[in-house]
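From first to last, the protein sequence lines stand for chains A and B.
Sequential numbering from 1 applies to the first sequence in UniProt numbering.
Sequential numbering from 1 applies to the second sequence in UniProt numbering.
2 protein chains.
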Amino acid sequence: MHPLFNYINRYASSLMSEKEFEGFRSHFSEKKIKKKQYLLQEGEICKYFAFIVKGAMRKYYIDEKGVEHIVNLYIENWWAGDRESFVMFTPSIYHIDAWEDCEVLLITRESILELCHQFPAFNELLLKLDERNNIATQRRITSSISFTAEKRYADFVDCHPYFLRRFPQHIIASYLGITKDTLSRVRKKALKK
Amino acid sequence: MHPLFNYINRYASSLMSEKEFEGFRSHFSEKKIKKKQYLLQEGEICKYFAFIVKGAMRKYYIDEKGVEHIVNLYIENWWAGDRESFVMFTPSIYHIDAWEDCEVLLITRESILELCHQFPAFNELLLKLDERNNIATQRRITSSISFTAEKRYADFVDCHPYFLRRFPQHIIASYLGITKDTLSRVRKKALKK
DNA sequence: AAAAAACGTAGACAAATGTCTATAAAAGTG
DNA sequence: CACTTTTATAGACATTTGTCTACGTTTTTT
Numbered sequence: 001m002h003p004l005f006n007y008i009n010r011y012a013s014s015l016m017s018e019k020e021f022e023g024f025r026s027h028f029s030e031k032k033i034k035k036k037q038y039l040l041q042e043g044e045i046c047k048y049f050a051f052i053v054k055g056a057m058r059k060y061y062i063d064e065k066g067v068e069h070i071v072n073l074y075i076e077n078w079w080a081g082d083r084e085s086f087v088m089f090t091p092s093i094y095h096i097d098a099w100e101d102c103e104v105l106l107i108t109r110e111s112i113l114e115l116c117h118q119f120p121a122f123n124e125l126l127l128k129l130d131e132r133n134n135i136a137t138q139r140r141i142t143s144s145i146s147f148t149a150e151k152r153y154a155d156f157v158d159c160h161p162y163f164l165r166r167f168p169q170h171i172i173a174s175y176l177g178i179t180k181d182t183l184s185r186v187r188k189k190a191l192k193k
Numbered sequence: 001m002h003p004l005f006n007y008i009n010r011y012a013s014s015l016m017s018e019k020e021f022e023g024f025r026s027h028f029s030e031k032k033i034k035k036k037q038y039l040l041q042e043g044e045i046c047k048y049f050a051f052i053v054k055g056a057m058r059k060y061y062i063d064e065k066g067v068e069h070i071v072n073l074y075i076e077n078w079w080a081g082d083r084e085s086f087v088m089f090t091p092s093i094y095h096i097d098a099w100e101d102c103e104v105l106l107i108t109r110e111s112i113l114e115l116c117h118q119f120p121a122f123n124e125l126l127l128k129l130d131e132r133n134n135i136a137t138q139r140r141i142t143s144s145i146s147f148t149a150e151k152r153y154a155d156f157v158d159c160h161p162y163f164l165r166r167f168p169q170h171i172i173a174s175y176l177g178i179t180k181d182t183l184s185r186v187r188k189k190a191l192k193k
């Protein structure tokens, strides 16, 4: 069955039939995004959220010095996009690009609102995701203001082992708010324990 | 008029009548929390969210060394609580206490769910808050992983000037993930510009 | 298979930030 | 008012983290 179909029925309390899913799916457009290509670039308005069927993506911010700071990592069954830009129609400060060749399903804001109306299960799903996301970002903030680099990395390994296999260390370092050199040192130290 | 009444009608698209508000309000219990008293302590399950009618509160995490790390600051018209504990019924890792004498309105999870059902305007309000919160935390994460202490403070002054008047510097420093000494240095540097 | 790019680690040094102690002013308390 | 507590700053020093350069390995591309 289609990954999105499984995904929705795994989260929602009321199931969606295969028949219903056909209409549902028609609001999404399929797209392949090859490695290094953009889903969103700085300055653009985020018109689509992307459900990742296959592949891996990253969202990052580029500072005045030209340094990339990884803000989010995404793999299969995650939603990629810039919520602020998507909702407020403001230019995004982020770039989102494919780290691996990707297959995604794109959906507009209008379609989301329509589908939420038409399929309460989808509405419910998005609310749950929002709640989860709120909880996860709260944890990440707590971690980033109060833990050492060492502890932040240990936590990351615990919570997101699947990212370790998909992204190289310098990307993970950036996600944690440290440089690749520091991460390398932290790992060396951790080995001795 | 009651602050909560104003608050709801300011956010919602459909207005709530004063009559409706009476029934609505009955789900909340009023409480006064004096300075330094707890709304929530580490290890407890967060049974109530608090709408702050008057006063200022802080949420913080205490690390192994006994150091407080300020995770959130709240003033009038904000909601204080630990979402993770509130939703998942797990013991909280946070403390929430009153920084100034407070008047709050407490509400349980069950009451929220009931009110959401009964008053679509309230449901809509909470969704909007969630959305806002998601956007704000995303920004805070971006700031904390990619900006210097100096830029983070400058951003804070821009975005939350009302906090500056309510909380001392060591609290704000902690919120920014730095020590009071570092904040003092940062401010000194900023003055010269 | 050869060449190029990406990756991880290392070491030397610099910069930022934390730690600690001290001090003085300001605010709160009885 | 006198006393205590809180707050902000300062300086000396330690620690962490960043910066830069280099090197060898792995991976990707041609």
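Glycine included, each C-beta is placed from N, C-alpha and C at the ideal position.
Check, Outcome
"Quick check: the region 118-131 of chain B against the region 57-77 of chain B, are there 3 or more CB pairs under 8 Å?", "no"
"For the region 131-179 of chain B, list the alpha helix (DSSP H) runs that are entirely contained and at least 4 residues long, ordered along the chain.", "149-159, 161-164, 169-176"
"Can you grab the Cα-Cα spacing for the pair B:MET57 / B:SER144, in whole Å?", "22 Å"
"For the 8 Å Cβ check, are there 3 or more pairs between the region 81-89 of chain B and the region 152-172 of chain B?", "no"
"Short of 7 Å Cβ to Cβ, which residues in the region 92-114 of chain B face chain A?", "none"
"Take every Cβ of the region 94-105 of chain A, pair it with every Cβ of the region 38-46 of chain A, and state whether three or more of those distances are shorter than 8 Å.", "yes"
"Just the Cα atoms here: how many angstroms apart are B:ARG139 and A:PHE147?", "19 Å"
"Taking the straight line between their C-alpha atoms, what separation do you get for A:ALA50 and A:TYR94?", "15 Å"
"Going by beta carbon distance, what residues of the same chain come within less than 8 Å of B:THR182, once the five residues before and after it are set aside?", "ALA149, ALA173"
"Where do the ends of the alpha helix (DSSP H) carrying B:GLU68 lie?", "Careful: B:GLU68 lies outside any alpha helix (DSSP H), inside the beta strand (DSSP E) at 68-74."
"By the three-class DSSP mapping on this structure, what secondary structure does A:LYS34 have?", "coil"
"In chain order, which continuous runs of the beta strand (DSSP E) of length 3 or greater are located wholly inside the region 7-51 of chain B?", "29-33, 38-40"
"Taking only three categories from DSSP, how would you classify A:ASP181?", "helix"
"With DSSP as the reference, label B:MET88 as helix, strand or coil.", "helix"
"Cβ closer than 8 Å: which chain B residues qualify as neighbours of A:VAL87?", "GLU131, ILE135"
"On the DSSP bridge list, what partners appear for B:TRP79?", "B:PHE51"
"So with Cβ pairs under 9 Å, would you call B:GLY66 a contact of chain A?", "no"
"Using three-state DSSP, classify B:GLU103 as helix, strand or coil.", "strand"
"May I ask which residues mark the beginning and end of the alpha helix (DSSP H) holding B:ILE62?", "Not the alpha helix (DSSP H): B:ILE62 falls in the beta strand (DSSP E), residues 57-62."
"Verify the CB distance criterion: does B:SER26 have a CB-CB separation below 9 Å to chain A?", "no"
"Report the residues of the region 155-184 of chain B with a CB closer than 9 Å to any CB of chain A, ordered along the chain.", "SER174, TYR175, LEU176, GLY177, ILE178"
"Taking A:GLU84 as the query, report the chain B residues whose CB atoms sit under 8 Å from its CB, ordered along the chain.", "ILE135, GLN138, ARG139"
"Would you mind telling me which residues of chain B sit closer than 8 Å to A:HIS69, beta carbon to beta carbon, in chain order?", "THR142, ILE145, SER146"
"For the alpha helix (DSSP H) that contains B:ILE112, what are its first and last residues?", "109-118"
"Report the rounded CA-to-CA distance for B:GLU100 versus B:LYS54, giving the unit in angstroms.", "9 Å"
"Taking any Cβ of chain B, which residues in the region 2-22 of chain A have a Cβ under 9 Å from it, in chain order?", "none"
"Establish whether the CB of A:LEU127 and some CB of chain B are separated by less than 9 Å.", "yes"
"Give me, in chain order, the residues of the same chain whose beta-carbon lies closer than 8 Å to that of B:ASN6; leave out the 5 immediate sequence neighbours on both sides.", "none"
"Measure the alpha-carbon distance for A:GLU68 versus B:SER85 and round it to whole angstroms.", "34 Å"
"Which whole-angstrom value is the C-beta distance of B:LYS59 and B:ILE112, which I expect to be below 8 Å?", "About 19 Å; that fails the 8 Å criterion."
"Compile a chain-ordered list of the residues in the region 45-65 of chain B whose CB is closer than 8 Å to at least one CB of chain A.", "TYR61, ASP63"
"Out of A:ARG109, A:GLY177, A:PRO3, state which residue places its alpha-carbon closest to the alpha-carbon of A:GLU78.", "Going by the sequence as given, residue 78 of chain A is Trp instead of Glu. Here the closest residue by C-alpha is A:PRO3."
"Cα separation between A:GLU114 and A:PHE163?", "33 Å"
"Would the beta-carbon of A:PHE119 fall within 9 Å of that of A:PHE28?", "no"
"To the nearest angstrom, how far is it from the Cα of A:CYS116 to the Cα of B:ALA12?", "18 Å"
"Can you tell which of A:ILE33, A:THR137, A:SER17, A:GLU18 has the C-alpha that lies nearest to the C-alpha of A:ILE52?", "A:ILE33"
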